[in-house]
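Chemist: Okay, handing you the structure first.
There are 2 protein chains.
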Amino acid sequence: MIYLDWASTSPPDRAILLEAAELAAACYGNPSSTHRLGTEARAKLEEARSRLALCLHATKEAARGCIVFTSGGSEANAIALLATLRKRSHARAAPLHIVASAIEHAAIHEQLRLLAGLGVETSFVRPGANGLVTPEAVAAAIRKETALVTVMAVNNETGAIQPLGDIVRAVACAARELGRATPPRVHADAVQAFGKIPFDPLKLGLSSAAFSAHKLRGPRGTGAMWLAATLEPFVVGGGQEGGIRPGTENLAGAWAFSNVAEQAVTSLASELQHARELEARLIAGMEAIPGAIVLPFGRKAGDTRYSPYILSASFPGLAGEVLARALSDEGIAVSTGSACASNAHAKERRVLAAMGVPPELSFGAIRISTGTLTLPADVDRFLETAARVYTRLKP
Amino acid sequence: MIYLDWASTSPPDRAILLEAAELAAACYGNPSSTHRLGTEARAKLEEARSRLALCLHATKEAARGCIVFTSGGSEANAIALLATLRKRSHARAAPLHIVASAIEHAAIHEQLRLLAGLGVETSFVRPGANGLVTPEAVAAAIRKETALVTVMAVNNETGAIQPLGDIVRAVACAARELGRATPPRVHADAVQAFGKIPFDPLKLGLSSAAFSAHKLRGPRGTGAMWLAATLEPFVVGGGQEGGIRPGTENLAGAWAFSNVAEQAVTSLASELQHARELEARLIAGMEAIPGAIVLPFGRKAGDTRYSPYILSASFPGLAGEVLARALSDEGIAVSTGSACASNAHAKERRVLAAMGVPPELSFGAIRISTGTLTLPADVDRFLETAARVYTRLKP
């Protein structure tokens, strides 16, 4: 199978998974236990935490902020969103407002829709046709009672890299103009950014960021959260992870995550170059397929506003699902946007719709995403097959 | 190290962990992806789910209800508790009430304390001096607006097996007497029960139950929830696990969990016999240590109201932490109650206090918990060491 669905999940690094399983078996104490087996496990866990923190910052001296291990990117995002409810419980009458991009992952979008039923209001900021949310649009949505701003680092369907540094500054400025003593927290879902493009949450001025191990060839069920300062979690329990994430610590997952993260960060520049080459090949090839359209319109190879690892394209007249299925039959794995959305709202193309892509084009869209193991020949084989299938099946 | 802290976590089955890591590497598609790699992973995940469901019921025909994989027991418990908030959002003005035992694990107890700040009221039902919550006491706490009853299956400090079947019936009866059309849901934290003592949530009449893989020699970061009928979750996202637990499915974790569960359930009777023998040895040995007291008072070997895997004992005049640390120095791992509590409220002995154990005794309490790898000689070595350390350190 030619795998071009890396944004959904990545083929794990087998050696790292096996090493983590051996660690789990050998160093099996509960890190919260006070006996020797517990303290040994705790030491390993803290080593994993430090190593992951170092992966997030340009210099060792800057490895500040706190890393909280979670069960995945979704949970890390939920922690950031639900923390706003704690604020609410302290000042019950106060209205609560969140600003989010309209193109967030379901882990954020669906949670915000649910919170609306509890009286938490969200302003969804639409991106431009280029898939980018502007700092101005985010700033305009800030209110006196805005508790949180959440904008993803890299969109999982278009690869659009959101201008987080500028957004943080614009939010702070808007809050000042409203006479607020402190700006709202700014959270970033960074599961498609960390380990793939340069990403330093401290430098960006973020309050928190969410990461996922399995996007980086690590295990499922492991994620992490970077926090500039601690927060008050809504889901609590045994006090693990500084009280922010309850549940017995998954040492093997944390260990494997720090290993894949180190590997990804160490080779980030060369991998990015590799991805840029594949992107150029993909976009040129797509432009050569009569009728096929790269999304967002006019995205060119080498445009640094997009992650080269992710590309959307439309094959008008042919449903994305049908094309993806036909490609799967030919041994090629691509997706129609987020795998997570395939459960909930299969037909909805929310991200593309928010960008103003007309339904007849979003209907025909697929997402191609590459990774370290992707070869130029894989891209060629995809292009050749997609062209053939499209010619055969299009109306 | 002689490991007598199995209730905190268990030494994983290395072969099962390695097999799961190999599966993760080979069958790496996202189970929610529609391409072939996704559907292959989905098939494996559903196989794991079916196998786990069969472990929960006496007969294949009874394997009803729904299994939801989670990141652990804590998350499964949180799902059950937080679902009550959805009810609330639908009828904002309605008061919300929960009944819980006073001896729940921190994953439940701390969450209920936090929800109090959101206006969710909990009645905590104290157990008797024997550590058992009576159906009558639970029934007496039921109100017209009670949305949920939560009582653990086996207490993690005393091993007391709560009479869940009788509690479910008493709750239903109390609800009827209050003129309610439907009784409140009854949830059970069953992480110390499943795979250790016979446990059939359907037969008990439960609405939901929470399980943890790492208590059964499985991986950390994996748990499950049994549901008699679906519920409305409070934390949502990509729609995975029937919409009840968001996040990319952890196939390797689910697979390993079903494997360790099958192993545990298949050998349950013989393991229980083994645990009873160790319990008898432990209790007899404890009674022979001058001053040491088995908790709850008067617990005898072979009493089927207690899980033989868990025993608490007090060494009056010597702090439990000090004894546990001294034992650790001698190569023996025991704990002072829940490892989870060691983060949050180290000094609090909430469970023992709720049973009416006086502070001077709960202060000196440790928990000894055994498992399939525990040998009679391990118990002897613990008893001999504890007696020696106690004689040396007690006032």
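Chains as they are written, first to last, in numbering that gives the first Met the number 0: chain A, 0 to 394; chain B, 0 to 394.
Ideal Cβ positions, reconstructed from N, Cα and C, are used throughout, including at glycine.
Are the Cβ atoms of Ala274(A) and Cys54(A) separated by less than 9 Å?
Modeler: Against a cut-off of 9 Å, the Cβ pair of Cys54(A) and Ala274(A) comes out as no contact.
Chemist: Kindly indicate if chain B contains any beta-carbon less than 9 Å away from that of Gly37(A).
Modeler: It does; some Cβ of chain B falls within 9 Å.
Chemist: Let's test the definition: count the other Cβ atoms within 10 Å of the Cβ of Gln272(B) and tell me whether it reaches 16, buried, or not, exposed.
Modeler: Per the 10 Å Cβ criterion, exposed.
Chemist: In the structure shown, what three-state DSSP assignment does Ser122(A) receive?
Modeler: Strand at Ser122(A).
Chemist: Which residues in chain A have a C-beta closer than 8 Å to the C-beta of Ala332(B)? List them in chain order.
Modeler: Ordered by position in chain A, the residues that pass the 8 Å Cβ test against Ala332(B) are Gly28, Ser32, His34, Arg35, Leu36 and Gly37.
Chemist: Please look up how many angstroms separate the CB atoms of Leu281(A) and Val378(A), rounded, as I've assumed it's under 8 Å.
Modeler: Indeed, because the Cβ distance is near 5 Å, the residues count as touching under 8 Å.
Chemist: Can you give, in chain order, each stretch of the alpha helix (DSSP H) that sits fully within the segment 244 to 312 of chain B and has at least 4 residues?
Modeler: Those alpha helix (DSSP H) runs which fall completely within the segment 244 to 312 of chain B and span 4+ residues are 250 to 265 and 267 to 286.
Chemist: Rounded to a whole number of angstroms, what is the C-alpha to C-alpha distance between Gly158(B) and Pro307(B)?
Modeler: Roughly 7 Å separates the two Cα atoms.
Chemist: Based on the DSSP secondary-structure assignment, which residues constitute the bridge partners of Ile427(B)?
Modeler: This structure does not reach residue 427(B), given that chain B is present from 0 up to 394, and the question cannot be answered.
Chemist: Measuring only the C-alpha atoms, how far is Ala318(B) from Thr145(A)?
Modeler: Cα to Cα, Ala318(B) sits roughly 48 Å from Thr145(A).
Chemist: How close, in whole Å, do the beta carbons of Leu36(B) and Met0(A) come, if the pair is a contact with beta carbons under 8 Å?
Modeler: Contact holds; Cβ gap of about 6 Å.
Chemist: Between the Cα of Ile141(A) and the Cα atoms of Leu131(A), Glu156(A) and Val124(A), which residue gives the shortest distance?
Modeler: Answer by Cα proximity: Val124(A).
Chemist: Excluding the five sequence neighbours on either side, which residues of its own chain have a C-beta within less than 8 Å of the C-beta of Leu80(A), listed in chain order?
Modeler: If we look at Leu80(A) and ignore the five residues flanking it on each side, its Cβ neighbours are Ile97, Ile107, Gln110, Leu111, Leu114, Leu147, Thr149 and His186.
Chemist: If you draw a straight line from the C-alpha of Thr247(B) to the C-alpha of Gly71(A), how long is it?
Modeler: Each residue's Cα considered, the two are about 8 Å apart.
Chemist: Is the beta carbon of Phe381(B) sitting closer than 9 Å to the one on Phe256(B)?
Modeler: Result no, Cβ atoms of Phe381(B) and Phe256(B) do not sit closer than 9 Å.
Chemist: So what does DSSP say about Thr145(A), is it helix, strand or coil?
Modeler: In this structure, Thr145(A) counts as strand in the three-state DSSP scheme.
Chemist: Might you give, ordered along the chain, the residues of its own chain that have their beta carbon closer than 8 Å to the beta carbon of Ala343(B), omitting 5 neighbours on each side?
Modeler: Its pLDDT being 48, under 50, Ala343(B) is placed unreliably by the model, and the measurement read from it follows with that caveat. Contacts found: Ala105 and Glu109.
Chemist: In whole angstroms, what separates the C-alpha of Gly301(A) from that of Asp328(A)?
Modeler: About 31 Å.
Chemist: In three-state terms, what does DSSP make of Thr69(B)?
Modeler: Here Thr69(B) sits in strand by DSSP.
Chemist: For Met396(B), go through chain A and note every residue whose CB falls closer than 9 Å to its CB, in chain order.
Modeler: Given a span of 0 to 394 for chain B in the structure shown, any question on residue 396(B) remains unanswerable.
Chemist: Please state the DSSP three-state secondary structure of Ala343(B).
Modeler: With a pLDDT of only 48 at Ala343(B), under the threshold of 50, the placement of this residue in the model should not be trusted, and no figure is reported.
Chemist: On the DSSP bridge assignment, give the partners of Leu319(B) in chain order.
Modeler: This sequence places Gly at residue 319(B); Leu is not what is there. Per DSSP, none; premise fails for Gly319(B).
Chemist: Starting from the beta carbon of Gly220(A), find every residue of chain B whose beta carbon is closer than 7 Å, and list them in chain order.
Modeler: The answer, in chain order, is Ser70, Gly220, Thr221, Asn249 and Gly252.
Chemist: Short check: CB of Leu230(A) to CB of Ala82(A), under 9 Å?
Modeler: Going by C-beta atoms, Leu230(A) is nearer than 9 Å to Ala82(A).
Chemist: Only counting the same chain, and skipping five residues up and downstream in sequence, which positions put a Cβ closer than 6 Å to that of Leu22(B)?
Modeler: For Leu22(B), where only same-chain residues beyond five positions count, the Cβ hits under 6 Å are Ala251 and Trp254.
Chemist: Can you tell me which of the three DSSP states Leu372(A) falls into?
Modeler: Note: Leu372(A) maps to coil in three-state DSSP.
Chemist: Under 6 Å Cβ to Cβ from Gly238(B), same chain only, skipping five residues before and after it: list those, please.
Modeler: Contacts found: none.
Chemist: Would you kindly work out how many angstroms separate the C-alpha atoms of Asp165(A) and Pro357(A), rounded to a whole number?
Modeler: Straight-line Cα distance between these residues: approximately 29 Å.
Chemist: Please report the distance separating the alpha-carbon of Ala6(A) from that of Tyr27(B).
Modeler: One C-alpha to the other measures close to 13 Å.
Chemist: I'd like to check one pair, Ala312(A) with Ile365(A): are the Cβ atoms closer than 9 Å?
Modeler: In this structure, Ala312(A) lies closer than 9 Å to Ile365(A) by Cβ.
Chemist: Since Ser207(A) meets chain B, which of its residues come closer than 8 Å, beta carbon to beta carbon?
Modeler: Correct list: empty, because the minimum Cβ distance to chain B is about 17 Å.
Chemist: At the level of alpha carbons, what is the spacing between Ala47(B) and Met224(B)?
Modeler: Looking at the two C-alpha atoms, the distance is approximately 13 Å.
Chemist: Could you tell me the boundaries of the alpha helix (DSSP H) in which Val137(B) lies?
Modeler: Val137(B) -> alpha helix (DSSP H) spans Pro134 to Ala140.
Chemist: My assumption, with CB atoms under 8 Å, is that Gly316(A) sits in contact with Gly363(A). Please give the rounded CB distance.
Modeler: Contact holds; Cβ gap of about 6 Å.
Chemist: Identify, in the order they occur along the chain, each residue of the same chain with its Cβ nearer than 7 Å to the Cβ of Leu51(B), setting aside the five sequence neighbours on each side.
Modeler: Ile66, Ala223, Phe256, Ser257 and Ala260, listed in sequence order.
Chemist: Going by DSSP, what residues sit across from His186(A) in a beta bridge?
Modeler: His186(A) is bridged to Thr149(A) and Ser207(A).
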